[in-house]
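Since the structure comes first, as structure tokens, the remarks are kept for the end.
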Amino acid sequence: MADPDTLSDKGLRTAQMIRSGEGQAAAIERGPGIWESRGVGNSYLVVTPDGDVIINAGTLSDARRSKELFAAVSSNPVAKIILTQSHANQYGGLEIFKTPDNTVMTHRFYPAERSYNEMLSAHYRRGSRRFFGTITGRTDEMVPTREVAPDVLIGDEGHPFTLGNRRFEIIWTPGGETRSAVVVWLPDDRVAIVGNLFGPLFGNHPNLNTVRGDKPRSAAEFVASVQKLRALKPVQILTGHEDIRGEEHIQQETTRIIDSVQWVHDQVVAGMNEGTDLRTLMREIQTPDDLRLTEEYGKVAWNVRAIWHEYTGWFDPSSGTTGLYGVPASTVACDLVELAGGAAPLARRAQEYVQQGKPLEALHILEVASAAAPQDETVRAAKRDALMLLDQQTGGKNLWERMWISTELKQLAE
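Okay, structure coming up:
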């Protein structure tokens with residue numbers, strides 16, 4: 001029996017970063033008076049004589065640790081809490097830091113995003129458990145026990161302010177992981193605290209539409225947001241997980257990110273206008289070597305699909321007439337299995353595809369067989385082999401892909 005623990009590359013940086021706060025004993029100084037507490041999403045403390053500013057509260061469990069780490073480096077009260085977007089690894093720990101005397105600041109879209117997240121909380125948590133629960137084992141500790149509403153809503157034009165001897169600018173970047181995304185710019189330090197504008201990894205393709213389930217991001221808005229950041233000419237970028245330094249390096253890398261995502265966008269648009277079907281574009285669009293980004297979190301093929309659906313909606317004409325209706329192919333799976341002479345012949349054909357190095361063709365057949373005979377051991381064995389081969393071919397280099405395959409294998413083992 002295939003063992004999920006034998007899957008390929010387990011050294012995914014994203015998984016390591018998400019767990020990097022475990023056991024952290026002291027806050028990390030990232031600049032004069034700028035302190036970091038690591039977690040599912042890093043929190044930052046910016047110290048001023050007139051009170052401190054926290055940028056992102058982190059998850060509930062991470063915030064409990066962050067409060068102790070920050071207290072060890074500053075005895076000042078927390079004056080302001082800024083959230084760079086509306087995900088649980090930014091707002092989950094608000095209740096730990098919020099007092100009657102401090103102010104929570106978010107973009108104006110934040111309350112609406114929290115509202116629809118709450119409306120779909122069961123759906124979103126189910127998706128998060130499927131992926132991040134595998135990594136952290138504690139998704140229930142990510143979310144707050146009570147809602148903390150923002151005190152100040154920032155408009156699209158942004159919001160500059162001065163506290164103590166430090167200047168801050170909150171800048172709207174709607175191409176981030178949520179449309180309420182902002183970056184916090186410290187102009188005197190030339191440091192940008194950007195949250196997950198780039199996702200968890202700098203230099204990675206953005207994840208325009210996560211497979212766990214989220215509202216899609218706009219490729220064009222992502223490009224515009226990174227252009228806005230690049231124009232600041234920062235010497236240091238603090239992301240949700242990384243410390244990126246050097247003005248020249250940052251200029252080069254942000255330019256490459258902008259150009260790469262724009263190139264993919266333009267190729268999709270050209271393909272759509274030429275009448276090329278979606279799946280063909282997913283297979284054929286590959287960035288040139290000089291624009292190549294890593295694909296550990298986002299993937300080019302998935303972004304092709306996200307851009308396609310952003311512009312043309314939910315219907316894919318290549319799905320044919322049945323794509324317009326709520327009757328799936330699985331409703332005739334038993335008929336197809338019967339015509340094939342049972343599930344075993346389909347499992348054998350799937351194994352032949354596996355031997356030919358074609359796991360996806362095998363899985364297409366097995367989706368039919370599994371729908372009709374979900375407990376058939378020959379079908380389950382063939383599916384395990386196909387999934388293991390798929391993992392070997394992809395190299396386990398994408399977090400979402402690897403976690404999906406791992407979860408599928410674990411379900412087969414149950």
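Residues 1 to 414 in UniProt numbering are what the sequence shown spells out, letter by letter.
Just so you know, even glycine gets a beta-carbon here, dropped at the ideal spot from N, CA and C.
Would you report the Cα separation of residue i and residue j, rounded to the nearest angstrom?
i, j, result
"Asp62", "Arg245", "25 Å"
"Ile258", "Gln267", "14 Å"
"Val367", "Val379", "The question names Val, yet the displayed sequence has Glu at residue 367. Roughly 9 Å separates the two Cα atoms."
"Met1", "Glu377", "Low local confidence applies: a pLDDT of 38 at Met1 is under 50, so the model's placement there is unreliable, and no value is given."
"Lys98", "Val78", "8 Å"
"Lys299", "Ser75", "44 Å"
"Gly203", "Asp335", "48 Å"
"Ile54", "Thr321", "53 Å"
"Pro4", "Lys397", "Interpretation of Pro4 is limited by its pLDDT of 49, a score under 50 that renders its predicted location unreliable; no figure is taken from the coordinates."
"Lys67", "Thr239", "20 Å"
"Thr394", "Arg146", "41 Å"
"Pro174", "Glu338", "52 Å"
"Ile82", "Tyr124", "23 Å"
"Asn42", "Gln356", "45 Å"
"Glu361", "Gly176", "35 Å"
Specify, as a first and last residue, the run of the beta strand (DSSP E) that residue i falls within.
i, result
"Ile55", "52-55"
"Phe70", "Note, Phe70: premise wrong, no beta strand (DSSP E); alpha helix (DSSP H) at 60-71."
"Leu360", "No beta strand (DSSP E) holds Leu360; the alpha helix (DSSP H) holding it covers 359-372."
"Asp243", "243-245"
"Gln236", "236-239"
"Phe168", "166-172"
"His107", "103-107"
"Arg30", "28-31"
"Leu153", "152-154"
Grouping DSSP H, G and I as helix and E and B as strand, with all else coil, what is residue i?
i, result
"Phe97", "helix"
"Trp404", "helix"
"His159", "strand"
"Tyr44", "strand"
"Asn204", "strand"
"Val354", "helix"
"Ser86", "coil"
"Glu36", "strand"
"Ala192", "strand"
"Gly395", "coil"
"Ala149", "coil"
"Lys383", "helix"
Pop quiz: residue i and residue j are said to be a contact at Cβ under 8 Å. What is the actual Cβ separation, rounded to whole angstroms?
i, j, result
"Gly92", "Thr59", "4 Å"
"Phe70", "Leu94", "Not a contact, Cβ separation roughly 14 Å."
"Asn303", "Leu390", "Wrong, their Cβ atoms sit about 20 Å apart, outside the cutoff."
"Val183", "Ala192", "5 Å"
"Ala26", "Ala88", "Actually they do not touch by this definition, with Cβ atoms about 25 Å apart."
"Gly213", "Gly127", "4 Å"
"Ala306", "Pro216", "5 Å"
"Glu295", "His364", "Wrong, their Cβ atoms sit about 23 Å apart, outside the cutoff."
"Val235", "Arg190", "4 Å"
"Arg179", "Phe109", "5 Å"
"Arg130", "Thr407", "6 Å"
Given a cut-off of 8 Å on the beta-carbon distance, is the pair residue i and residue j in contact?
i, j, result
"Leu197", "Lys80", "no"
"Val354", "Ala381", "no"
"Leu201", "Arg256", "no"
"Ile285", "Val264", "yes"
"Ala343", "Ala372", "yes"
"Trp172", "Gly195", "no"
"Met105", "Ile170", "yes"
"residue 415", "Thr14", "Since the first residue shown for the chain is 1 and the last is 414, residue 415 is missing from the structure and cannot be characterised."
"Glu113", "Ser86", "yes"
"Asp188", "Arg166", "yes"
"Gly21", "Ser37", "yes"
"Gly326", "Phe315", "no"
"Phe168", "Leu153", "no"
Does any CB atom of chain D fall closer than 8 Å to the CB of residue i?
i, result
"Glu352", "The structure shown has no chain D; it contains just one protein chain."
Which residues mark the beginning and the end of the alpha helix (DSSP H) in which residue i is found?
i, result
"Leu186", "Element bounds for Leu186: not the alpha helix (DSSP H) but the beta strand (DSSP E), 182-186."
"Arg13", "13-18"
"Leu336", "333-339"
"Pro111", "110-119"
"Ile285", "Ile285 -> no alpha helix (DSSP H), and no H or E assigned at all."
"Val226", "219-231"
"Trp302", "300-312"
Would the C-beta of residue i count as close to the ligand COA, meaning under 7 Å from any of its heavy atoms?
i, result
"Asp316", "Questions concerning the ligand COA fall outside what the structure shown contains, since it holds no ligand whatsoever."
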